[in-house]
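Engineer: When you number the sequence shown by numbering that gives the first Met the number 0, it's gap-free, plus one each residue, and the end is 295.
All residues carry an ideal CB built from backbone N, CA and C; glycine is no exception.
The structure under discussion is supplied below as structure tokens; questions concerning it will follow.
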Amino acid sequence: MYTLENDILKITVNQIGAELCKIKSVKHLTDFMWDANPEVWGSFAPNLFPIIGALKEDTYTFENQKYTLPKHGLIRNNKDVKLLEQTPHSLTFGLSYSEDSLKIYPFKFQFAITYTLNDNGIDVLHTIKNLDDKTMYFSVGGHPAFKCPVFENENYDDYTLEFEHVENSKTHLINMKNGLISSNTKPIFNDTKTLKLTHELFNADALIFKDLKSKKITLKSNKNGEILTVSYQDFEYLGIWAKPNGNYVCIEPWLGIADSETTNQNLKDKEGILKLDPNKTFKAAYTIEIHNSHLA
0 MYTLENDILK
10 ITVNQIGAEL
20 CKIKSVKHLT
30 DFMWDANPEV
40 WGSFAPNLFP
50 IIGALKEDTY
60 TFENQKYTLP
70 KHGLIRNNKD
80 VKLLEQTPHS
90 LTFGLSYSED
100 SLKIYPFKFQ
110 FAITYTLNDN
120 GIDVLHTIKN
130 LDDKTMYFSV
140 GGHPAFKCPV
150 FENENYDDYT
160 LEFEHVENSK
170 THLINMKNGL
180 ISSNTKPIFN
190 DTKTLKLTHE
200 LFNADALIFK
210 DLKSKKITLK
220 SNKNGEILTV
230 SYQDFEYLGI
240 WAKPNGNYVC
250 IEPWLGIADS
260 ETTNQNLKDK
270 EGILKLDPNK
280 TFKAAYTIEI
290 HNSHLA
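Here's what the structure looks like:
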């Protein structure tokens with residue numbers, strides 16, 4: 000485990016998977032991250048690369064060759080992730096291609112993720128380098144799980160998510176048997192910018208949005224006000240999820256999405272897939288900001 004600390008916040012990152020595990024108030028010792036209770040959901044904030052969500056039959060094709068990748072890709076729970084650099088304010092972890100990775104993802108890549116502590120916020124920067132001589136296809140995203148409720152005098156349904164703009168978006172429903180995106184949608188917003196959290200909200204798995212206007216979401220308590228804000232200007236898709244019995248909520252910025260039920264499984268045709276030319280670098284970041292009222 001590695002830590003960063005200033006006068007306001009202390010964060011902890013596990014080298015395995017470069018997973019953010021704790022965001023804690025220095026003064027009050029309040030922890031804002033889910034505790035990864037394995038009886039409910041045993042993760043804190045998986046990093047997603049080079050796919051997001053599930054592949055149809057866990058497989059895809061590239062140049063007429065079939066490959067197998069697990070849900071969410073290569074980084075999650077990976078013990079080969081290494082600390083690349085540590086400064087007083089940042090931690091950078093990375094994973095590069097190997098002979099084993101090329102058997103399941105046929106690109107020479109370097110993945111790095113940097114956590115930078117800035118006052119009451121954490122910047123999470125993804126840096127992807129294509130070290131290959133061919134175009135690389137990939138997705139990248141985050142999956143941070145925030146404690147909900149945060150304080151002892153609260154219940155889960157005391158919480159709402161407040162979006163930056165008024166929304167009319169629908170969620171794209173998941174086939175819960177295979178984890179694929181179905182053709183069905185369900186209305187979630189009706190000229191509103193708030194989403195009330197209930198455990199029942201996630202009975203049909205994650206809420207998946209493709210067309211939100213908002214690039215900023217605030218987790219709010221009706222008893223204790225604004226808790227934290229996630230800003231994700233660089234990301235086109237958003238997932239919101241929890242286990243129906245889990246006292247947390249995941250706010251997930253994505254560049255990419257799980258396979259649809261109608262996919263042809265060709266990586267080049269995958270919805271939301273990014274392309275990176277040889278010897279080029281791609282960067283995308285999101286920010287988690289803890290509101291000062293809970294830190295002072």
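What is the DSSP secondary structure of His293, counted as helix, strand or coil?
Structural biologist: In this structure, His293 counts as helix in the three-state DSSP scheme.
Engineer: Check this for me: beta carbons of Leu8 and Val25, under 8 Å apart or not?
Structural biologist: The answer is yes: Cβ separation under 8 Å.
Engineer: Buried or exposed for Ala205, going by 16 or more other Cβ atoms inside 10 Å?
Structural biologist: Flag for Ala205 reads buried.
Engineer: Spatial neighbours of Phe208 within its chain, please: C-beta separation below 6 Å, excluding the five flanking residues on both sides.
Structural biologist: The residues are Ser168 and Leu237.
Engineer: Taking the alpha-carbon positions, what's the Glu163 to Lys242 distance?
Structural biologist: Straight-line Cα distance between these residues: approximately 25 Å.
Engineer: Return the Cβ separation of Leu254 and Glu235 in integer angstroms, given the expectation that the two are a contact with Cβ distance under 8 Å.
Structural biologist: The pair is a contact, with the Cβ atoms about 6 Å apart (cut-off 8 Å).
Engineer: Classify His142 as helix, strand or coil using the three-state DSSP reduction.
Structural biologist: DSSP places His142 in coil when its eight states are reduced to three.
Engineer: When we look at the beta-carbon of Phe150 and count the other beta-carbons within 10 Å, is it buried (16 or more) or exposed?
Structural biologist: Exposed, since its Cβ has fewer than 16 Cβ neighbours within 10 Å.
Engineer: Report the option in Leu211, Asn265 and Phe188 whose CA atom is closest to the CA atom of Trp200.
Structural biologist: Here residue 200 is Leu; the residue named in the question, Trp, does not match the sequence. Comparing Cα positions, the closest option is Phe188.
Engineer: Taking the beta strand (DSSP E) that Ile10 falls in, what are its first and last residues?
Structural biologist: Start and end: Leu8 to Asn13.
Engineer: Quick test of the definition: if touching needs 3 or more C-beta pairs under 8 Å, does the stretch 175-195 touch the stretch 120-128?
Structural biologist: Short answer: they don't touch.
Engineer: Let me make sure I understand the geometry here. Which of Tyr1, Asp30, Ser181 and Gly16 has the alpha-carbon closest to that of Gly72?
Structural biologist: The residue with the shortest Cα to Cα distance from Gly72 is Gly16.
Engineer: According to the neighbour-count rule (16 or more other Cβ atoms, all chains shown, within 10 Å of its Cβ), is Pro277 buried or exposed?
Structural biologist: Counting Cβ neighbours within 10 Å, Pro277 comes out exposed, since fewer than 16 surround it.
Engineer: Given a threshold of 16 other Cβ atoms within 10 Å of its Cβ, counted over all protein chains shown, does Pro69 qualify as buried or as exposed?
Structural biologist: When all chains shown are included, Pro69 counts as exposed.
Engineer: Going by beta carbon distance, what residues of the same chain come within less than 7 Å of Gln232, once the five residues before and after it are set aside?
Structural biologist: Hits under 7 Å: Lys214.
Engineer: Going by the DSSP bridge assignment, what does Ala283 pair with across the sheet?
Structural biologist: Its beta-bridge partners are His125.
Engineer: Looking at Phe145 and Tyr247, is the spacing between their C-beta atoms short of 8 Å?
Structural biologist: Yes, the pair counts as a contact, with Cβ atoms nearer than the cut-off.
Engineer: Measure the alpha-carbon distance for Lys192 versus Ser42 and round it to whole angstroms.
Structural biologist: In a straight line, the C-alpha of Lys192 is about 28 Å away from that of Ser42.
Engineer: Among residues of its own chain, excluding the 5 on either side of Thr113, which ones have a beta-carbon nearer than 6 Å to its beta-carbon?
Structural biologist: So the list reads Ser89, Thr91 and Leu124, once near-sequence residues are dropped.
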